[in-house]
Every structure is written in C-alpha cells, then in structure tokens.
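**Student:** Take 102 as the starting number for the sequence shown in this note's numbering and just add one per residue.
For each residue, glycine too, the CB sits at the ideal point set by N, CA and C.
Remember, predicted model here, so these are calculated numbers, not experimental data.
Structure below; questions to follow.
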Amino acid sequence: MSVLKSLIAGQWVGEKAAKALPSAINGEIVARTHDDTLDFKKAVEYGRTVGGKNLLALDFQERALALKAMALYLQEHKQELYALSMHTGSSKGDNGIDIDGGFGTLFAYASMGRRELPSGNVVHEGPVTPLGKNNHFAGTHILVPRGGVAVHIDAYNFPVWGMLEKFAPTFLAGMPCIVKPATSTCYVTELAVRLMQESGALPEGSLQLIIGSTGDLFDHLEEQDVVTFTGSAATARKLKNHPNIINRSIPFNAEADSLNSAILAPDVTPEHEEFELFVREVGREMTAKAGQKCTAIRRVLVPKSQVNAICDKLKERLSKITVGDPSVEGVRMGALASIEQLEDVKANIQELLKTSELVTGGNGDFKPTGEGTGKGAFIEPHLLLCRNPENGCGAHDIEAFGPVATVIPYDTIEDAVALCAQGRGSLVTTLTTRDPAIAGKIVPLLAAFHGRLHLLDAEAAQESTGHGSPLPMLKHGGPGRAGGGEELGGIRAVHHYLQRTAIQGSPTMLAAVTREYVRGADLIETEVHPFRRHFEELQINESLLTHRRTVTEADIVNFGCLSGDHFYMHFDEIAARDSQFGKRIAHGYFVLSAAAGLFVYPGEGPVLANYGLDTLRFIEPVAPGDTIRARLTCKRKIDQGRTSPDGHPQGVVVWDVQVHNQNDELVASYDILTLVAKKPE
Ligand code: NDP
C-alpha cells in the first residue's frame with residue numbers, strides 16, 4: 102500500500118504510514134497518509150526564496166507559456182488521474198468537472214495571461230492622472246508580485262480542479278504556492294502534483310504539497326503571504342481568526358458552504374420548454390458529484406401553483422438515476438467522498454426533515470449498483486418539500502453536502518427573492534424565466550447577495566455551461582455565508598496575488614517604472630523611422646513627429662465619395678452652420694486615415710500588420726483650412742513568444758498616436774496595435 106508523500110523544500114517527504122484512506126466505492130484502502138513531521142518554517146522560507154526567485158526569473162508571458170505546457174502534460178496523463186479519482190466516488194461525468202475542468206482552467210489562464218498581461222513583472226494599471234497644471238507631476242498604479250508564499254487549503258470534493266483553479270492565477274502572478282488538499286481525497290492531488298513536476302515546466306520551489314495536517318504552518322506566515330481556503334464555514338472562521346493572520350494582516354480568502362437556489366419565475370408553466378429545462382437543471386445539480394459541489398442547488402423556489410408539478414417531474418427524473426460503482430456501465434451517480442460524509446449527510450437530512458417532508462429518497466430499499474459497494478459511501482438522491490416556509494425552513498440554514506434539495510413554495514416573485522436572501526449569501530442562483538422584464542427587475546435585487554447569477558431560458562439553454570460550473574473568466578465566490586471571498590473572474594484573480602501600489606512622479610519617471618510611454622515623458626527621437634526598427638531594437642518613448650498636412654474641402658468630398666459617408670456635418674453647409682461646430686468639418690475617420698498617411702513608413706520593413714485601435718477619441722473638430730500633424734510614440738512592447746504564419750518570430754508593439762492642429766490642440770488620440778518582426782537570426 103503506497104504511503105503518500107508531501108513535497109516540501111524540494112524533497113518528497115513521507116516514509117511512515119499514518120491514516121488509511123478508503124475507497125468511497127468499496128471501502129478498500131487506496132493509500133495512506135504519512136506520519137513524518139514536516140518542517141513548515143523551512144517550507145515557507147524555501148517557497149519565498151527558491152520558488153520566488155525561480156518564478157521571477159520568468160515574466161508573465163513566460164509563466165503563461167509554462168502553464169500551458171503543464172496543462173498539455175497533465176492532459177496526456179489524464180487516464181491515470183481518472184483511474185485513481187474513481188475511488189473518490191467520482192463518475193465519468195464528475196471526472197470531466199474535476200480533472201478536465203482543472204486542465205481547462207490552466208489552459209484558460211495560460212491564454213488570458215498571454216492576451217492580457219505584459220512582458221516583465223510589472224502590471225501598469227492606468228490611467229495616468231495628471232496631478233499638476235503643466236504635466237510635470239502625475240500619478241498611476243502598478244501591480245507587482247507580493248514576494249511571499251500563497252497557502253491554498255482545499256476541500257475534498259475537487260482534488261484536482263480545487264488545486265489548479267487556485268494555483269493557475271497564483272503561478273501567473275509569480276507567487277510560489279503551498280497547497281494542502283483535504284485528506285480524504287489527497288491521493289488524487291498528490292498524483293496531479295507529481296505529474297506537474299514531471300512536466301518539466303514547474304520551476305523548482307514554485308509548488309509544495311502538504312499531505313495531512315498544516316501543523317504550525319500558520320505561525321510562520323508573514324505579511325507578504327496569502328491564504329486561501331475552501332471548505333466549511335466553521336474551519337474558515339477558525340483559520341481566519343488565527344492570531345498570526347490577524348496580527349500581520351495576512352490576506353485570507355474564504356469560500357465556504359452556500360445554500361444556492363434555483364428560482365422558477367411565475368411566468369413559466371408546464372407547457373413551456375423552460376419548465377423542463379428547470380427540472381433538468383435541478384436534477385443535474387443534485388446528482389453531479391453526488392451533490393458534493395459548493396455550487397449545487399439546495400433550495401428550489403417555485404410558485405405555489407407549480408409545487409406539485411415540479412415535485413412530480415423531479416421525482417420522475419431522479420428515479421432514473423442509477424447510483425453505484427462508476428465503472429459499471431449505466432451508472433450515473435457515484436458515491437460521497439467518505440463514510441464520514443455519508444453519516445454527515447444523513448444526519449443533516451434528519452435535521453431538514455424537522456421542517457420538511459420527503460418527496461423521494463430514503464424509503465429503505467436503496468441498493469447501489471456494483472460489486473462490493475455495500476461498504477461504499479452511497480446515498481440515493483433525496484428531494485424534500487417544505488410546504489410552509491413561513492413557519493420556518495431548515496433548508497435556509499442546513500447544508501446536506503450530498504444529493505439533497507428542498508422545494509420551497511412562494512407567492513410572488515418578490516417573496517422568492519426574500520426567501521432566497523434567507524440563505525444569507527450564496528455562490529449562485531439560477532433564475533428560470535421567459536420574461537426579460539422579470540429578469541431586469543429581479544436580478545439586481547438577487548445580485549446583492551450572490552456571487553453569480555445564471556439566467557436560464559430556451560435560448561440560453563442551447564449553449565449554457567450550467568448552474569454549477571464556475572468558469573475561469575467569471576467570478577466564483579459569494580458574500581456572507583458563502584465565505585465573502587472571490588476567486589477566478591479572469592485576470593482579476595491574478596491581481597489578488599499582486600500588490601497594487603500608487604506611483605507619483607514626473608511622466609519620465611512613471612514611464613521608466615511602468616515600462617510604458619506616459620505623455621509628457623522625455624522622448625527618444627532619431628533619424629531612423631520607428632517603423633524601420635525590429636521588435637528588439639525599438640525603445641519605449643521612441644517617437645516620430647510627422648510633417649504637416651492642410652485639410653481641404655476636396656479631402657472631405659473625396660473621402661465622402663470613397664466611403665459613402667455623406668453625413669450632413671460634412672456635406673450640408675446650412676445644417677452644419679446650425680450645428681454646434683458652426684461649419685462643415687472633416688470625417689473623424691478621414692483624420693485617422695490622414696494621420697496614418699503622415700506617420701507610416703511606406704517601404705517594406707519589420708512592421709507586419711496593424712491589428713486594431715484602442716482608446717480612440719476625436720477631441721476637436723478638423724475643418725477645411727486646418728493643418729494637422731501626428732506624433733507616433735512607441736508605448737508598450739509585449740513579447741508573447743509568437744511567430745508569424747510563415748515562421749518569423751514577432752512581438753506586439755502598441756503605439757501612442759496624437760494628432761494636433763495648427764494651434765497645438767489635440768484633435769485625435771488613440772493607440773494602434775501592431776505586430777513587429779524580430780531581427781532575423
Ligand atoms: P473542512 O472545513 O473540515 O476542511 C476543508 C479543508 O480544510 C481540508 O483541506 C481540511 O483538511 C482543512 N482543515 C480542516 N481543519 C483545519 C485546520 N485546523 N487547519 C488547517 N486546515 C484545516 O471541510 P470538510 O472537507 O470536512 O467538509 C465539511 C463541510 O464543508 C462539507 O460537508 C460541506 O458542507 C462544506 N464544504 C464546502 C465546500 C465548498 O466548496 N464551499 C467544499 C467542501 C465542503 P483535512 O481534510 O486534512 O481535515
């Protein structure tokens with residue numbers, strides 16, 4: 102029987118066997134934890150020094166590439182993870198959520214990192230705000246790696262996704278992680294960490310693993326460190342109040358149990374497609390991961406008139422779910438993660454039954470499918486009905502962390518919102534309605550106590566990712582009882598592991614710090630046109646002031662005929678005279694085109710393509726007789742390690758463009774995005 106090992110300070114530690122971890126399917130021992138004492142002081146120091154140094158030897162773009170490499174390697178080895186994960190009670194579908202969902206999160210962060218983060222290790226979070234009259238003093242914000250370690254404590258229900266959804270943004274931010282999975286399913290996490298290490302893409306010290314207890318780890322944490330936690334509200338409260346966490350103001354992000362709802366709006370009745378969709382969503386959420394999802398639907402809020410119809414439909418649907426050994430053909434729902442959890446869920450059902458009645462489940466003749474499952478942690482889906490919630494309803498307080506949900510009737514949609522709020526803050530609610538007016542009115546009310554809201558109708562159902570799936574690009578975490586934390590949400594999650602600092606100084610200093618041109622900074626002007634420089638040669642602040650061009654009426658007429666834009670402001674002398682400008686003016690897009698004509702270098706060169714514009718503003722009108730000129734300045738360079746379709750290495754260069762008139766007034770302002778070739782080898 103294998104003894105699981107911790108990965109601490111670069112060494113796999115664990116010889117002496119400790120706790121036996123039984124399979125949730127048949128009770129056989131899958132692995133044992135180790136009994137060796139871990140040196141947590143050494144672990145945090147190693148993370149901060151070796152891990153931190155190795156991570157910051159790479160930049161955001163390089164770490165994004167490393168994430169992708171890890172994801173690809175893990176994907177190649179997913180069968181090993183599937184096989185082991187079966188012992189946690191997971192069905193094939195559940196593996197899709199935990200294992201493939203985990204890889205998907207790595208891929209998503211790899212791609213968001215490459216698209217949205219700069220080269221280097223400083224994020225400039227603009228805009229730059231002038232703080233003086235003459236632009237000698239300005240302010241902005243930067244985000245930098247915190248320099249500490251991130252301790253991630255995870256729940257037992259997602260041994261792979263739970264670890265990876267926290268690891269990916271932390272790694273991207275350049276912060277080493279120490280992960281502590283829940284003991285009952287930690288053998289799957291251990292394998293995932295081993296694979297990540299084998300991938301060769303994980304810098305030494307950037308990931309450590311704790312099997313078993315966290316011992317005195319919290320005593321060694323310091324101000325630059327971060328703790329995140331997923332699990333029960335009780336443990337969250339205990340850890341958050343650790344004296345060292347409080348005394349050193351160490352950020353603590355909690356994601357705890359939550360009593361999520363599904364609301365059937367009063368406009369949906371059994372003849373509508375949405376009625377069936379609602380039943381399907383509730384049924385799926387009750388049974389996916391055997392209901393062991395922090396996002397699972399626990400409260401089913403339906404109009405009083407639909408209670409019987411909903412209960413009948415759900416009962417019918419749940420009766421078709423085969424529960425048992427997931428390796429047996431036809432089994433749709435596996436086991437709870439452990440016998441302890443089974444006992445816990447059963448006890449909570451009894452508590453819920455004090456204010457509810459049983460609609461289906463628990464009638465004594467349940468037998469899981471498959472050999473040896475008698476010793477497994479199986480339970481059939483239980484649907485409860487709380488007929489009179491005004492007399493008290495346990496479902497607003499008690500979380501049975503299994504395939505258990507309670508139907509709660511309501512009178513008006515406002516009552517449904519009030520009942521939903523009795524959960525005291527949830528991760529997610531699904532509102533099923535056909536009426537946009539109901540959604541428009543109710544969603545802002547629900548949003549105040551939710552992390553996410555899923556609006557379900559026949560159109561959305563065609564592509565919906567479902568009530569229960571946290572997505573890398575959307576926020577996961579809810580207020581109040583849900584823990585008050587926030588995870589995922591795209592690049593926002595990376596920002597949780599970076600320190601935001603306001604910077605004040607001259608534009609030249611701000612440009613040097615942010616590695617971005619800031620208007621007013623000292624410019625670099627040479628004889629060489631910036632479009633003739635390769636990616637490596639270009640310097641931030643390198644600039645070109647063009648020759649001038651006087652705009653004529655012929656320009657306006659020609660541009661109008663070419664584009665087909667005969668808007669009165671350009672072509673109707675009388676209407677234009679009555680307008681706010683008092684005269685005909687040139688098309689804004691003509692000014693853009695004329696500026697490009699002024700600043701481009703027409704010959705062949707390293708600038709390969711212009712792929713867009715950002716932050717475009719037409720600030721002052723340009724009329725016939727006005728004379729314009731452009732200033733083009735290299736603003737930002739991003740090396741994503743990409744090559745052109747014909748194999749030439751290239752980088753992204755963003756140029757600041759300012760177009761002025763003869764009075765030195767800014768008439769147009771924007772960024773242009775280009776791809777610029779690197780020097781030939
Ligand atoms: P716990 O809160 O007991 O455990 C969660 C994690 O915290 C585990 O890794 C656990 O490790 C660790 N932990 C527990 N005590 C300490 C401590 N003193 N110091 C450091 N780490 C600690 O939750 P469970 O996993 O037992 O689940 C209990 C209930 O929590 C569930 O029934 C459910 O209601 C809720 N839950 C909520 C989830 C969510 O996503 N919001 C997910 C899972 C559960 P170890 O396993 O070694 O004790």
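(1) Looking only at its chain, what residues have a beta carbon closer than 6 Å to the beta carbon of residue 204, apart from the 5 residues adjacent to it on each side?
(2) Would you say residue 183 touches the ligand COA, meaning its beta carbon is less than 7 Å from a heavy atom?
(3) Report the partner residues of residue 123 according to the DSSP bridge assignment.
(4) Kindly identify the DSSP beta-bridge partner or partners of residue 362.
(5) Measuring CB to CB, does residue 258 end up less than 8 Å from residue 393?
(6) When the Cβ atoms of the segment 363-383 are set against those of the segment 407-420, are three or more pairs found closer than 8 Å?
(7) Note down the Cα distance separating residue 338 from residue 345, rounded to an integer number of angstroms.
(8) To the nearest angstrom, how far is it from the Cα of residue 384 to the Cα of residue 143?
(9) Provide the residue span of the beta strand (DSSP E) that contains residue 241, from first to last.
(10) Taking the beta carbon of residue 267 as the centre, do at least 16 other beta carbons fall within 10 Å, making it buried, or is it exposed?
(11) Excluding the five sequence neighbours on either side, which residues of its own chain have a C-beta within less than 6 Å of the C-beta of residue 379, listed in chain order?
(12) To test your reading of the DSSP string, which unbroken beta strand (DSSP E) runs of 3 or more residues are found completely within the segment 498-528?
(13) Taking the beta strand (DSSP E) that residue 776 belongs to, which residues open and close that run?
(14) Could you check where the alpha helix (DSSP H) with residue 212 kicks off and where it finishes?
(15) Could you give the first and the last residue of the continuous beta strand (DSSP E) run that contains residue 390?
(16) Mapping DSSP to helix, strand and coil, what is residue 603?
(17) Residue 356 lies in the beta strand (DSSP E); which residues open and close that run?
(18) Please indicate yes or no: does the CB of residue 186 lie closer than 7 Å to some heavy atom of the ligand NDP?
(19) Per DSSP, what kind of secondary structure is residue 315 in: helix, strand or coil?
(20) Sorted by chain position, which residues of the same chain lie with C-beta nearer than 7 Å to residue 45's C-beta, five sequence neighbours on each side aside?
(21) Quick check on residue 757: buried or exposed, where buried means 16 or more other Cβ atoms within 10 Å of its Cβ?
(22) In terms of residues, what are the limits of the beta strand (DSSP E) holding residue 750?
(23) Would you give the residue range spanned by the alpha helix (DSSP H) that residue 164 belongs to?
(24) Using CA coordinates, which residue listed in 111, 115, 428 is at the minimum distance from residue 191?
(25) Out of curiosity, what's the CA-to-CA distance linking residue 362 and residue 618?
(26) Across which residues does DSSP place residue 563 in a beta bridge pair?
(27) Following a CB-centred definition, is residue 356 positioned closer than 7 Å to any heavy atom of the ligand NDP?
(28) Going by the CB atoms, is the gap between residue 585 and residue 436 shorter than 8 Å?
(29) By how many angstroms is the C-alpha of residue 358 removed from the C-alpha of residue 247?
(30) Tell me which residues share the same chain as residue 113 and place their Cβ nearer than 8 Å to its Cβ, disregarding the 5 neighbours each side in the sequence.
(31) Please give the ranges of any alpha helix (DSSP H) in the segment 414-454, keeping only runs that are unbroken, at least 4 residues long and fully inside the region.
(32) With 16 as the cutoff for other CB atoms within 10 Å, does residue 473 come out buried or exposed?
(33) I'd like to know if the segment 471-488 and the segment 115-126 are in contact, where contact means that at least 3 CB-CB pairs between them fall below 8 Å.
(34) Using a Cβ-Cβ cutoff of less than 7 Å, which residues in the same chain neighbour residue 599 once the five nearest sequence positions on both sides are dropped?
(35) What do you get for residue 187, buried or exposed, if any count of 16 or more other CB atoms within 10 angstroms of its CB means buried?
**Tutor:** Based on what the coordinates show:
(1) Within the same chain, Cβ atoms closer than 6 Å to the Cβ of residue 204 are found at 172, 175, 176, the five residues on either side in sequence being excluded.
(2) The ligand COA is not part of this structure, which contains only the ligand NDP.
(3) 130
(4) 400, 530
(5) Remark: C-beta atoms of residue 258 and residue 393 approach each other more closely than 8 Å.
(6) yes
(7) Whole-angstrom Cα-Cα distance: 14 Å.
(8) 48 Å
(9) 239-246
(10) Its Cβ being crowded by 16 or more others within 10 Å, residue 267 is buried.
(11) 365, 533
(12) Unbroken beta strand (DSSP E) stretches of 3 residues or longer found wholly inside the segment 498-528: 505-511, given in chain order.
(13) 767-778
(14) 202-217
(15) It is not in any beta strand (DSSP E) - residue 390 carries neither H nor E in the DSSP assignment.
(16) strand
(17) 353-356
(18) The nearest non-hydrogen atom of the ligand NDP is 7 Å or more from the C-beta of residue 186.
(19) Collapsing the DSSP output to three states places residue 315 in coil.
(20) The shown model of the chain, from 102 to 782, leaves out residue 45, and the question about it has no answer.
(21) With 16 or more other Cβ atoms within 10 Å, it is buried.
(22) 750-761
(23) 161-177
(24) 428
(25) 49 Å
(26) None; residue 563 has no bridge partner.
(27) True, at least one ligand heavy atom lies under 7 Å from that Cβ.
(28) no
(29) Taking the straight line joining both Cα atoms gives about 29 Å.
(30) Same-chain partners within the cutoff: 106, 107.
(31) 440-453
(32) By the neighbour-count rule (16 or more Cβ atoms within 10 Å), residue 473 is not buried but exposed.
(33) yes
(34) 224, 244, 245, 246, 247, 274
(35) Classification of residue 187: buried, given that the 10 Å Cβ count is 16 or more.
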